[in-house]
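Enquirer: The structure's right below; bear with me while I get my questions together.
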Amino acid sequence: ARQEKFAGVLSTRVQKMAMARIMAVFGLVLLTGTCLLAVRASAADSGAAAPSGEVIFLENFEGEGDWTHSANEKYKGRMTKFKDANGDTGMRVPTQAMHYGSGAKFAEPIDLTKGFTFQYEVLLTSGLECGGAYVKLLSETPDLTLTALDGDTPYSIMFGPDKCGTTNKVHLILRHKSPKTGEVEEKHLVDTPTVKFDMLPHVYTLTIKADNSYEILIDNEVAKEGSLFEDFQPPFNPPAEIDDPEDFKPADWVDEEEIVDSEDEKPEEWDEEAARMIVDEEAQMPAGWLEAETDQTDDPEAEMPDDWDEEEDGIFEPAKIDNPLCLKAPGCGPWERPSKANPAYKGKWFPRMVPNPEYKGEWAPAQIPNPGLYEDLAPMSNVAPIGAAAVEIWTMNSGIVFDNFLATYDAEVADDFAEKTWRMTL
714 ARQEKFAGVL
724 STRVQKMAMA
734 RIMAVFGLVL
744 LTGTCLLAVR
754 ASAADSGAAA
764 PSGEVIFLEN
774 FEGEGDWTHS
784 ANEKYKGRMT
794 KFKDANGDTG
804 MRVPTQAMHY
814 GSGAKFAEPI
824 DLTKGFTFQY
834 EVLLTSGLEC
844 GGAYVKLLSE
854 TPDLTLTALD
864 GDTPYSIMFG
874 PDKCGTTNKV
884 HLILRHKSPK
894 TGEVEEKHLV
904 DTPTVKFDML
914 PHVYTLTIKA
924 DNSYEILIDN
934 EVAKEGSLFE
944 DFQPPFNPPA
954 EIDDPEDFKP
964 ADWVDEEEIV
974 DSEDEKPEEW
984 DEEAARMIVD
994 EEAQMPAGWL
1004 EAETDQTDDP
1014 EAEMPDDWDE
1024 EEDGIFEPAK
1034 IDNPLCLKAP
1044 GCGPWERPSK
1054 ANPAYKGKWF
1064 PRMVPNPEYK
1074 GEWAPAQIPN
1084 PGLYEDLAPM
1094 SNVAPIGAAA
1104 VEIWTMNSGI
1114 VFDNFLATYD
1124 AEVADDFAEK
1134 TWRMTL
């Protein structure tokens, strides 16, 4: 009986302990759920869209951010925070005809050999007549300091719109180090997309893939894609042969394919003075032409105002109207014969050209083996890792707004983020 009583007490204690644990777990779940709801409510209240996956860098200017202005005296222009009518924020160029320089460091450098995507949004509130709206992705170096940013700060990639005069392109420039000499050379994308300057927001996206292909999107649509090995000048891999710098065109080399025929003479009947156009003497005045009328006549309904003083205001002249008679006739006023092409016109005479018997063809220097030849099968391994994004520009247009900078190893994250930010502003 004593054992049965002890067992009953023990069972009651176990039940109470189990119930206490259940209540504790339930309380923790409630607390966690409340925190999650609070975080989600806070994010919703901020109005800022969140990326759907991992990012290396994100700047939407919703908070204070880490955007740093250069202390270099060259950059007198200072970009300021901007908020549109919908409450969306960005960074704005407030004044034209100034240099601007500022940027933000990444939490970790971008390893370009993995492939990556960089994306940002531009709004040209006053168009783009002459200036840049591109971004420099700065090389990660031990002394990278954004307060010291200037035009000589090394960058790995330059990407984005630039327009002035005949220039109208979306730049893509990669600074590649020769694996043979160690020299850094800019590789420029050829046949670049053109800038959209219609004063609407546009999102520019660059993806460089691990297979050495690239893709440029404008407003989430492909504007240019291809291979790093085919679409850049100078090429990432130099040619096997180059022009011999010591080979010069011989002094007696003839490269005129044709010469004047010395035996050709101007025909005696060739009149260089004959006019191109002459009066058509056979033309006749159209029937019904009113030579005594003018195209305009006084308005018969016009009356001199009561307060018109001809001594002070001059002789009153009624307003003119189209002559109703001329509207029904083939023409009014003095008639003149029209001109016609002169059948005797031949223009200035030139002797004919004949093949040059001394012609040797177009001269070109001899080709020699390229002493700088190398083959770089992984060119992005020789483009320095990226440590920061910077806007280092000069522009004649104010009102350029930058927003929603994003860098990621996942192109789908950038695509989704553009849909949630840029697309929603349209």
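Just so you know, we're using my numbering here: the sequence shown kicks off at 714 and counts up by one.
Virtual Cβ for every residue (Gly too), placed ideally from N, Cα, C.
So what does DSSP say about L841, is it helix, strand or coil?
Expert: coil
Enquirer: Between the Cα of C877 and the Cα atoms of G844, G1027, S852, which residue gives the shortest distance?
Expert: G844
Enquirer: Using 8 Å for Cβ pairs, my map puts D932 next to V916. What's the rounded Cβ distance?
Expert: With a beta-carbon spacing of about 6 Å, D932 and V916 fall inside the 8 Å limit used to define contacts.
Enquirer: Give the DSSP bridge partners of W1107, in chain order.
Expert: Paired residue(s): H812.
Enquirer: Going by other Cβ atoms of all chains shown within 10 Å of its Cβ, with 16 needed for buried, is Y1087 buried or exposed?
Expert: exposed
Enquirer: Is the stretch 1097-1112 in contact with the stretch 787-807, if contact means three or more CB pairs nearer than 8 Å?
Expert: Per the Cβ contact rule, the stretch 1097-1112 is in contact with the stretch 787-807 (3 or more Cβ pairs under 8 Å).
Enquirer: Leaving out five residues before and five after T880 in sequence, what residues of the same chain have Cβ atoms less than 6 Å from its Cβ?
Expert: none
Enquirer: For the alpha helix (DSSP H) that L1038 lies in, which residues bound it at each end?
Expert: 1037-1041
Enquirer: Does the contact criterion of 3 or more C-beta pairs under 8 Å hold for the stretch 844-853 versus the stretch 937-947?
Expert: no
Enquirer: Sort G790, D960, N773 by Cα distance to T1108 and report the nearest one.
Expert: Nearest option by C-alpha distance: G790.
Enquirer: Among F945, A1057, E1014, whose alpha-carbon lies nearest the alpha-carbon of A987?
Expert: A1057
Enquirer: Should A861 be listed as close to the ligand PLP, given that the test is whether its C-beta is under 7 Å from any heavy atom?
Expert: For the structure depicted, the ligand PLP is absent and the ligand set is empty, with no information on it obtainable.
Enquirer: Are V935 and E943 closer than 8 Å when you measure CB to CB?
Expert: no
Enquirer: How would you write the range of the alpha helix (DSSP H) that D1026 sits in, first residue to last?
Expert: 1023-1026
Enquirer: In chain order, what residues of the same chain have a beta carbon less than 6 Å from the beta carbon of E787, not counting five sequence neighbours either side?
Expert: A small correction: the amino acid at residue 787 is Lys; Glu does not occupy that position in the sequence shown. H812, listed in sequence order.
Enquirer: Do E1105 and G814 have their C-beta atoms within less than 8 Å of each other?
Expert: yes
Enquirer: Can you confirm whether the stretch 796-803 touches the stretch 880-894 when touching is taken to mean that 3 or more C-beta pairs between the two stretches lie within less than 8 Å?
Expert: The answer is no - the stretch 796-803 does not touch the stretch 880-894, with fewer than three Cβ pairs under 8 Å.
Enquirer: For the candidate residues W1048, P1070, L837, S975, whose alpha-carbon lies nearest to that of E1004?
Expert: That would be W1048, whose Cα lies nearest to the Cα of E1004.
Enquirer: Where does L859 sit, in a helix, a strand or coil, going by DSSP?
Expert: helix
Enquirer: Could you tell me the alpha carbon to alpha carbon distance between S1094 and R1065, rounded to whole angstroms?
Expert: 60 Å
Enquirer: Would you list the one or two residues that DSSP bridges to F872?
Expert: F872 pairs with V848, L885.
Enquirer: Within this structure, are the beta carbons of V946 and A1131 separated by less than 8 Å?
Expert: The question names Val, but residue 946 in the sequence shown is Gln. Not a contact, by the Cβ cut-off of 8 Å.
Enquirer: Can the beta-carbon of A1149 be found closer than 8 Å to that of I769?
Expert: No answer is possible for residue 1149: the residues shown for the chain start at 714 and end at 1139.
Enquirer: Under 8 Å: do the stretch 987-999 and the stretch 1039-1053 share three or more Cβ pairs, one atom per stretch?
Expert: yes
Enquirer: From the DSSP output, which residues share a beta bridge with G790?
Expert: Y813
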